[in-house]
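Heads up, the sequence shown is in the numbering used here, so the first residue is 8 and it goes up one at a time. Positions of the beta carbon are idealized from the N, C-alpha and C atoms, including for glycine. Keep in mind that this is a model prediction, so the values were computed, not measured.
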Amino acid sequence: MTASPVQQTDEREIQTHQKRVLYAASDYESSAGHKNMLQLIHLRWIAMLGQVSTIALATLVFDIKLPLLQISYVIALLIAFNIASHLRWHEEVKVSNRELFFALLVDVAILTAQLYLSGGIHNPFAFLYLLQVILSAVLLEAWSTWLIVVISGVCLFGLSLFYYPLTLPVEHIDSMPGLYQDGMIICFLVNAALLVFFLTRISGNLSSRDAQLADLRQHATEEEHIVKMGLLASGAAHELGTPLATLSVILGDWRRMPEFSKNPELLEEISEMQRQLQRCKSIVSSILLSAGEARGESSVKTTLNTFLSNLAEDFRTTRPVGTFVFENHLQQDVPVVFDSALKQMMCNVLDNALEASPHWLSLEVSSDANSLSIVVTDQGPGFLPEILEKLGQPYQSTKGRPGSGLGIFFVVNVARKLGGSVSARNRAEGGAVVKIVLPLSAIML
């Protein structure tokens, strides 16, 4: 048994949606990695400043003999690497775990070279390896963190065997233990200050990434729910086609029967039933068309004024509303493309407002250079605070009916897919206001 075109389309849409979620999650991960890479670049500049200051202090104040030429080469290499990193990651925004691992590996190598030229393990700044290990534990995956630990340990062990010995002046030999202690204190303070400063910023990046991923998962769940609801709706629409056609035939036969044709009141009721039946058939056709493969065929090329005026007139004539106020404040009429989903989105808001306020309802539209604003106002009881807090989540309703609360859920998700937004508030004088803002670029021709 083969799947129907509608089912095949929905299955493809679910697969496409899942791929889009995976790509978006990967983008968030890469974005956090990019911010962390920039933090490493900033840390490297501070490290270079600290190295130059320490070398100047050791040679000028304590008259310690250092291989300044070789140390200058190492510092120049670090400067070149940092400039290259800045140029690359200024343009490229996706940073992988391997690239962060390589950057930290370079930092370990530079630190090892500097320590080799300045006393090896006898240099109190050898404890700066801990800074690299802690940063790797925060930034990298587990395998790369352990690799940094092993490499740092090997380098530290190597520095205990091979290093360029420090040459102290005779007058400072007796004070060597005190100098080493002072160096350890300075190293501790530097480690502590850098860790607090940069780990706070890196943790902020990671927290932002986690918040974005949580928001993405929430949106993914909502959108998958919409796709599944669309699958159910399209299946129900197929099933409803036959009984609606049967009802249409029966009503047509009734109009020709003498018992009804001679009774004006019954004829009027039959006419009303046929109109409502035609509306049901139109809704079913719209569902099938918007869920089918020829999705683009449901789009209508029109102008903004024409579409909104027709929508308001259609709502006024097909709904039992007491007073319906339509205010058009559009600055300009532009060519647009509207499909059934957009029309249904706006009708959902109007129908919800009509149910809350059957005697009075207002639709106000306006625009500026970039966006279209649609405001629906009613005189009903308004929204409960918990509904406003969870606006757009499914099944948030006070109607008490099974399945209620999906209207505003669909509205929020359709607007979000177009890059727009939906907000709601209660009026001080009673009633509620729902505002939809859509970017004109999403609907303009």
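- Looking at Arg282, Asn377 and Gly126, the one whose alpha-carbon comes closest to that of Ala65 is Gly126.
- Assignment of Leu370 by DSSP, reduced to helix, strand and coil, places it in the strand class.
- The Cβ atoms of Leu111 and Leu147 lie closer than 9 Å to each other.
- With contacts defined as CB atoms closer than 9 Å, Glu320 and Glu371 fail to qualify as a contacting pair.
- For His336, the beta-bridge partners assigned by DSSP are Ser373.
- At least 9 Å separates the beta-carbon of Met353 from that of Ile209.
- Between Asn43 and Leu213, the CB-CB gap stays under 9 Å.
- Per DSSP, Phe267 is one residue of the alpha helix (DSSP H) stretching across Pro265 to Ser268.
- Ranked by how close their Cα comes to the Cα of Asn355, the residues Val341, Leu318, Leu337 and Trp367 have Leu318 in first place.
- According to DSSP, Ala439 shares a beta bridge with Asn433.
- Nearest C-alpha to Thr119 among Tyr171, Ala87 and Val102: Tyr171.
- Scanning its chain for C-beta atoms nearer than 7 Å, with the 5 sequence neighbours on each side dropped, one finds around Thr310 the residues Asp340, Val341, Pro342 and Val343, in chain order.
- Taking a 10 Å sphere around the C-beta of Phe169, we find fewer than 16 other C-beta atoms and assign the residue as exposed.
- Apart from sequence neighbours up to five positions away, the residues of its chain that approach Phe322 with a beta-carbon distance below 6 Å are Leu357, ordered along the chain.
- Here Tyr80 is exposed, its C-beta having fewer than 16 other C-beta atoms within 10 Å.
- Ranked by how close their Cα comes to the Cα of Ser430, the residues Tyr123, Val383 and Leu124 have Val383 in first place.
- The segment 250-260 makes contact with the segment 275-289; the number of CB pairs closer than 8 Å reaches 3 or more.
- CA-CA distance, Pro446 to Leu45, rounds to 33 Å.
- Leu273 and Glu279 have their C-alpha atoms some 10 Å from each other.
- Bounds of the alpha helix (DSSP H) holding Ser143 are Tyr136 to Leu146.
- Excluding five sequence positions before and after Phe205, the CB atoms of its chain that fall closer than 7 Å to its own CB belong to Gln46 and Leu50, given in chain order.
- Every alpha helix (DSSP H) stretch that sits fully inside the segment 41-114 and reaches 4 residues is listed by chain position as 75-98.
- In the DSSP annotation of this structure, Ile128 is not part of any alpha helix (DSSP H), being labelled neither H nor E.
- Excluding five sequence positions before and after Val115, the CB atoms of its chain that fall closer than 8 Å to its own CB belong to Tyr136, Gln139, Ile155, Ile158, Ser159 and Cys162, given in chain order.
- Under the three-state reduction of DSSP, Leu445 is assigned to strand.
- Closest option to Leu142, judged by alpha-carbon separation, among Gly190, Ile48, Gln58 and Asp217: Ile48.
- A straight line joining the alpha-carbon of Asn89 with that of Trp52 spans about 8 Å.
- The beta carbons of Ser428 and Ala422 sit closer together than 9 Å.
- Going by DSSP, Leu398 is part of no beta strand (DSSP E) at all; its letter is neither H nor E.
- Considering only Leu337, Val332 and Thr61, the residue with the shortest C-alpha distance to Thr313 is Leu337.
- The alpha-carbon of Ser92 is positioned some 31 Å away from that of Ile192.
- Ser151: member of the alpha helix (DSSP H) spanning Ala149 to Leu168, first to last residue.
- Distance from Thr330 to His366 at the Cβ level is roughly 7 Å; contact confirmed, criterion being Cβ atoms closer than 8 Å.
- Beta-carbon to beta-carbon, Leu94 and Gly40 are separated by about 17 Å, too far to satisfy the 8 Å threshold.
- Where Phe314 is concerned, the enclosing alpha helix (DSSP H) starts and stops at Leu311 to Thr325.
- By alpha-carbon distance to Ile415, the top candidate from Ala83, Phe390, Gly426 and Gly438 is Phe390.
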